[in-house]
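Read through the structure below, which is laid out as structure tokens, and then see the notes.
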Amino acid sequence: MNFSAFNGRLATLYTTCAILISAGIVSLVSAPLFDHAKADDNLPADITTIKVKPSTADSPFKDLYSGWYFRAKETQNLQKDDFENPGFLWVEKGQELWSKVDGKAGKSCASCHQDAQKTMKGVGAQMPKWDEKAKRPLTLEQRINTCRQENMQADEWKWESDPMLSMTTFIRLQSRGMPVNIQSDGPMEAWVEKGKKLYYTRVGQLDLSCANCHENNYGKYIRADHLSQGHSNGFPTYRLKWQKLGSLHRRFKGCMTNIRATAYKRGSDEFVALEIYLAHRGKGLQVESPSVRN
Amino acid sequence: MANTKPRIKAPKSAKQGEIITIKTLISHVMETGLRKDKKTGELIPRQIINKFTAKFDGAEVFSVNLDAAISANPYFQFTMKAEKSGEFEFIWQDDNGETYSKKSPLTVS
């Protein structure tokens with residue numbers, strides 16, 4: 092056997108490997124994580140853009156990107172076709188519940204609101220909304236429960252229950268493609284301010300605020316997941332990790348637990364204020380519910 | 462979601478020799494049989510879809526044996542070369558002995 096030739100080949104192999112490895116390292120360091128120019132190439136069902144200019148004066152972002160943009164191709168594809176989108180299992184359920192009579196008054200949602208496709212169009216994009224009677228803003232969940240108690244005389248639905256998620260998703264779907272447009276002046280101003288304060292307050296053992304991840308580091312990896320800008324336009328969202336649909340407040344709780352903070356309760360004034368502030372700063376982004384995220 | 466309901470998305474017509482994509486989805490809990498009831502501590506009996514078959518004019522074109530590790534609401538997508546007109550039949554077999562099926566016609570020109 093010709094050893095020198097063999098060694099020569101081995102040496103070539105080593106060199107090749109070394110070049111490949113160093114090239115790999117260089118590309119890892121220098122390659123941008125996201126090519127922002129390509130933002131509109133790939134779009135979810137019914138959506139015309141996932142990138143808009145911020146409409147609020149104090150926005151920290153040059154452009155607002157929907158969370159869709161930060162997901163992997165495989166996850167995005169699930170949201171491109173409603174047939175593949177698992178969130179639509181809840182939409183179907185919501186549609187059934189819409190005309191199902193419940194409670195002592197013998198009414199269903201449809202008894203007063205008739206055809207959801209007409210009457211609920213745009214409603215989801217405006218929530219949370221100021222309620223004159225309650226003298227406070229109500230989220231979609233709270234509005235539904237108010238209706239159930241007062242008009243239907245039915246039991247409240249729990250925040251994260253299947254019927255509640257089905258109904259909120261079904262109603263939000265009627266606004267799909269419409270820009271998030273909540274009222275943030277007048278009586279809502281104080282709530283926006285309260286939410287903003289919470290957003291920028293560092294909490295938990297890790298001493299982080301929402302802004303530390305979603306403003307300063309979006310687009311980068313957090314474990315195996317890309318950080319988004321933290322907008323609320325896709326909620327309720329089907330999260331692959333959860334294997335089911337989840338509310339925005341569930342996401343809040345998850346985030347707070349991750350930074351070792353004691354999370355507020357779903358439906359608490361703190362989370363409602365935060366939801367209002369997120370909707371306010373994400374104005375203009377199109378409603379994507381039910382979105383698919385990982 | 463509790464209700465078991467099969468869904469299909471398949472083209473109604475195709476050209477001869479065309480490769481068509483068929484998508485199927487069934488809402489099903491896919492209970493593994495390994496989980497315990499939190500209150501009683503007893504095992505929740507297994508209930509999954511254990512077999513999925515797609516037939517075209519009675520002949521099997523695609524089938525899957527499913528096991529407990531498949532997640533809820535199993536989704537299958539496959540492709541087929543459209544040769545002649547006929548009818549698809551999709552069959553899901555449940556552990557509890559029930560079968561769910563759905564049909565879809567295909568016209569080949």
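Chains as they are written, first to last, in our numbering: chain A, 92 to 385; chain B, 462 to 570. Note that CB positions come from ideal geometry on N, CA and C, so glycine has one too. None of these values were measured; they are calculated from a predicted model.
**Prompt:** Sorted by chain position, which residues of the same chain lie with C-beta nearer than 6 Å to A:P177's C-beta, five sequence neighbours on each side aside?
**Reply:** Within the first sequence, the letter at position 86 stands for residue 177 of chain A. Counting only Cβ-Cβ distances below 6 Å, and skipping sequence neighbours, we find Y329.
**CB contact below 8 Å: B:A533 versus chain A** = On the second sequence, residue 533 of chain B is found 72 positions in, with the first residue counted as 1. It does: the Cβ of B:A533 has a partner Cβ on chain A nearer than 8 Å.
**Request:** Rank B:G478, B:T465 and B:G519 by C-alpha distance to the C-alpha of B:K545 and give the top, closest one.
**Result:** If you number the second sequence from 1, residue 545 of chain B lands on position 84. Cα-wise, what sits closest to B:K545 is B:G478.
**Request:** Could you tell me whether any Cβ in chain A is nearer than 8 Å to the Cβ of B:Y410?
**Result:** Because chain B spans 462 through 570 in this model, residue 410 of chain B falls outside it and cannot be assessed.
**Request:** Compare the C-beta of A:E175 against all C-beta atoms of chain B and say whether one is closer than 8 Å.
**Result:** Along the first sequence, read from residue 1 onward, the residue named residue 175 of chain A stands at position 84. Closer than 8 Å: yes.
**Request:** Output, in sequence order along the chain, the residues in the stretch 183-198 of chain A whose CB is closer than 9 Å to any CB in chain B.
**Result:** E183, K184 and E187
**Message:** Any beta carbon from chain A within less than 8 Å of B:K473's own beta carbon?
**Reply:** Translated into the one-based positions of the second sequence, residue 473 of chain B becomes position 12. Chain A contact via Cβ: absent.
**Request:** Please go through the stretch 201-258 of chain A and give each complete alpha helix (DSSP H) segment of 4 or more residues, from N-terminal end onward.
**Result:** 207-210 and 231-241
**Asked** Any beta-carbon of chain B closer than 8 Å to the one on A:Q233?
**Response** Taking the first residue of the first sequence as position 1, residue 233 of chain A is located at position 142. No, its Cβ sits nowhere closer than 8 Å to a Cβ of chain B.
**Message:** Does A:M279 come out as helix, strand or coil in the three-state DSSP assignment?
**Reply:** Taking the first residue of the first sequence as position 1, residue 279 of chain A is located at position 188. It is helical.
**Prompt:** With burial defined as no fewer than 16 other Cβ atoms inside 10 Å of the residue's Cβ, what is the status of A:C327: buried or exposed?
**Reply:** Reading the first sequence from its first residue, position 236 is the one you call residue 327 of chain A. Here the sequence assigns Pro to residue 327 of chain A, which means Cys is not the residue at that position. The residue is buried, with at least 16 neighbouring Cβ atoms inside 10 Å.
**Request:** Mark A:V283 as exposed unless 16 or more other C-beta atoms lie within 10 angstroms of its C-beta, in which case mark it buried.
**Result:** As a position in the first sequence, residue 283 of chain A is number 192, starting the count at 1. A:V283 comes out buried.
**Asked** Which residue from A:R372, A:K285, A:S382 and A:A315 puts its Cα closest to that of A:F362?
**Response** By one-based count along the first sequence, residue 362 of chain A stands at place 271. Taking only the C-alpha atoms, the option nearest A:F362 is A:K285.
**Residues that A:Q265 contacts on chain B, provided the C-beta gap is smaller than 8 Å** = The count along the first sequence starts at 1 and reaches residue 265 of chain A at position 174. Residues of chain B passing the Cβ test: none, with the nearest at roughly 20 Å.
**A:Q334 at chain B interface by Cβ criterion, 8 Å** = As a working note, residue 334 of chain A is residue 243 in the first sequence. Yes, A:Q334 counts as interfacial toward chain B.
**Inter-residue CB distance, A:W181 and A:L256 (contact presumed, cutoff 8 Å)** = Position 90 of the first sequence, counting from 1, holds the residue named residue 181 of chain A. Position 165 of the first sequence, counting from 1, holds the residue named residue 256 of chain A. About 6 Å; that satisfies the 8 Å criterion.
**Message:** Restricting to Cα atoms, I'd like to know which of B:A533, B:W553 and B:L495 is closest to B:F523.
**Reply:** Here residue 523 of chain B is taken as the residue at index 62 of the second sequence, counted from 1. Nearest of B:A533, B:W553 and B:L495 to B:F523, Cα basis: B:W553.
**Same chain, Cβ closer than 6 Å to A:W189, neighbours up to 5 away in sequence not counted** = Mapped onto the first sequence, residue 189 of chain A falls at position 98. Contacts found: C200, A201 and A207.
**Asked** In three-state terms, what does DSSP make of B:I505?
**Response** Counting from 1 along the second sequence, the entry for residue 505 of chain B is found at position 44. B:I505 falls in the coil class under three-state DSSP.
**Local Cβ density within 10 Å of A:V383, reported as buried at 16 or more and exposed below that** = In the first sequence, counting from the first residue as 1, residue 383 of chain A sits at position 292. Looking at its Cβ environment, which holds 16 or more other Cβ atoms inside 10 Å, A:V383 is buried.
**Prompt:** Between the Cα of A:Q334 and the Cα atoms of B:E521, B:P566 and B:I531, which residue gives the shortest distance?
**Reply:** Position 243 of the first sequence, counted from the start, is the residue given in the question as residue 334 of chain A. Taking only the C-alpha atoms, the option nearest A:Q334 is B:I531.
**Partners in chain A for B:K470, counting only beta-carbon separations shorter than 7 Å** = Taking the first residue of the second sequence as position 1, residue 470 of chain B is located at position 9. What B:K470 touches in chain A: F174.
**Prompt:** Which stretch, first to last residue, makes up the alpha helix (DSSP H) that contains A:G185?
**Reply:** Taking the first residue of the first sequence as 1, we reach residue 185 of chain A at position 94. It spans F179 to W189 - the alpha helix (DSSP H) in which A:G185 sits, taken as one unbroken run.
**Asked** Could you check where the beta strand (DSSP E) with B:F523 kicks off and where it finishes?
**Response** Counting from 1 along the second sequence, the entry for residue 523 of chain B is found at position 62. B:F523 -> beta strand (DSSP E) spans A520 to N526.
**Request:** Please confirm if B:K484 has its CB atom under 8 Å from at least one CB of chain A.
**Result:** Numbered from its first residue, the second sequence carries residue 484 of chain B at position 23. Cβ-Cβ to chain A under 8 Å: yes for B:K484.
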